[in-house]
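This report refers to the structure that appears directly beneath it.
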Amino acid sequence: MTTTGLGSLPGDDIREWTKVLLEAVDIPFLAELPARPYGDMLSRAIAVLTELAADLQPAGWRLTGGSDPRASMDQRRARSLLAEDLDVLEELADGYTGPLKLQLTGPWTLAATVELPRGDKILADHGARRDLAEALALGLSDHVAEVRRRVPGADLVVQLDEPALPAVLAGAIPTASGWSKHRSVDGPGAVELLSLVTTTAPTVIHCCAARPPIEVFTKAGATGVAVDVSLLTEPGWEQIAIAVEAGTTLYAGLVPTTGALPNPEQAADPLIRRWRELGLDPELLKQVVITPACGLAASPSPSDAKARLDLLRRVVDAVGEGADA
-7 MTTTGLGSLP
3 GDDIREWTKV
13 LLEAVDIPFL
23 AELPARPYGD
33 MLSRAIAVLT
43 ELAADLQPAG
53 WRLTGGSDPR
63 ASMDQRRARS
73 LLAEDLDVLE
83 ELADGYTGPL
93 KLQLTGPWTL
103 AATVELPRGD
113 KILADHGARR
123 DLAEALALGL
133 SDHVAEVRRR
143 VPGADLVVQL
153 DEPALPAVLA
163 GAIPTASGWS
173 KHRSVDGPGA
183 VELLSLVTTT
193 APTVIHCCAA
203 RPPIEVFTKA
213 GATGVAVDVS
223 LLTEPGWEQI
233 AIAVEAGTTL
243 YAGLVPTTGA
253 LPNPEQAADP
263 LIRRWRELGL
273 DPELLKQVVI
283 TPACGLAASP
293 SPSDAKARLD
303 LLRRVVDAVG
313 EGADA
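Right under this line is the structure:
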């Protein structure tokens, strides 16, 4: 079993966090620090969208039309911040070999969040949301190539964050007027766009929901799924079991992001118990990646977030003991 985090962390010191992550977890990752201007998950995705121009409005990011030369000042600042973070990673990870994770907002969450030039969400326009997914795939490919150049010993893994996809599938995303909802997207349609963005590197899709659409993720080519174990309902666990038995890696969110820290055995128990109830092979449990329940940006301090990351390896030991019991 190995450990990693899910992207976001508190504070604004990318250098210090990069040092910590190269030591604290088995799969280090390029941190997102949303306390910084343009440091949130949406801004990072906008920075990668080199084929689409966007600007930042009071309501959030909005496409403006045109291509890179017409990028707004906000988009250029987001790109500059990403480049600075990569400079730090290149310096501190000099000589590093092993897995390294990059996080990016997935195409459906972007479509449900970013607006068209005329208003309303990209989700409202079939052609625009495909253009967005294609641009995201191209930008991600360039981003991965850049990181491979800077850290040549890294085996890259991509994490796509799709918190909004369950609402997209359920037809629960409000329209601009707020009086109605966007039409639901069916499973095959969701798979089609997601699959455009899963071919660059082994891809984990992260969704903290009671019943994350695991089947959509695996059909789209995800090699791993990241979930908050405390939220999963029975149908969610059934889909997890099918995916794990088919070879998908489970990134199990076991350490809470806020509140009192559990002891390792308390944190490990929900996973061990459900594994046994589902009749899953204990050997498969040893392949699980242990993570916090979600991103740690809401932690009250960097030291608190670090304590939660430090707990992960002790949870691994507890899960291992439970698997052998």
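Heads up: the sequence shown at position 81 corresponds to 73 in my numbering, and the numbers run straight through without jumps.
Every residue, glycine too, gets a C-beta built ideally from N, C-alpha and C.
- Rounded to whole angstroms, the separation of the alpha carbons of Val280 and Cys200 is 17 Å.
- Contact between the stretch 208 to 217 and the stretch 241 to 261 is present: three or more C-beta pairs spanning the two stretches fall below 8 Å.
- The DSSP assignment places complete alpha helix (DSSP H) segments of no fewer than 4 residues inside the stretch 217 to 296 at 226 to 237, 256 to 269, 274 to 277, in order along the chain.
- Arg305 and Gln258 have their alpha carbons spaced roughly 14 Å apart.
- In the DSSP assignment, the residues bridged to Ala46 are Leu55.
- For Glu184, same chain residues with a beta-carbon under 6 Å away, outside a window of 5 residues either side, do not exist.
- Excluding residues up to 5 positions away in sequence, Leu(-2), Cys200, Asp220, Gly245, Thr249 lie with their Cβ nearer than 7 Å to the Cβ of Cys286 in the same chain.
- Collapsing the DSSP output to three states places Leu25 in coil.
- In the DSSP assignment, Gln151 is bridged to Gln95, Val196.
- Secondary structure note for Ser35: its alpha helix (DSSP H) is the uninterrupted segment 33 to 40.
- DSSP, read as helix, strand or coil, puts Gly90 in strand.
- Rounded to the nearest whole angstrom, the CA to CA distance from Val208 to Val80 is 35 Å.
- Each residue's CA atom was taken as its position, placing Ala310 and Asp18 some 16 Å apart.
- In the same chain as Val307, and ignoring 5 residues on each side of it, the C-beta atoms closer than 7 Å to its own belong to Leu246, Val247, Pro256, Ala259, Ala260, Ile282, in chain order.
- Taking Gln231 as reference, the option from Ala290, Thr191, Arg7, Leu272 with the minimal CA-CA separation is Leu272.
- Taking every protein chain shown into account, the CB of Met65 has fewer than 16 other CB atoms within 10 angstroms, so this residue is exposed.
- Take Ala27, set aside five residues on each side of it, and the residues of its chain with a beta-carbon closer than 8 Å to its own are Pro2, Gly3, Asp4, Ala289, in chain order.
- In the three-state scheme derived from DSSP, where H, G and I count as helix and E and B as strand, Thr(-6) is classed as strand.
- Put simply, of Val149, Thr97, Asp147 the residue whose alpha carbon is nearest the alpha carbon of Leu124 is Thr97.
- Per DSSP, the continuous alpha helix (DSSP H) segment holding Ile206 begins and ends at 206 to 211.
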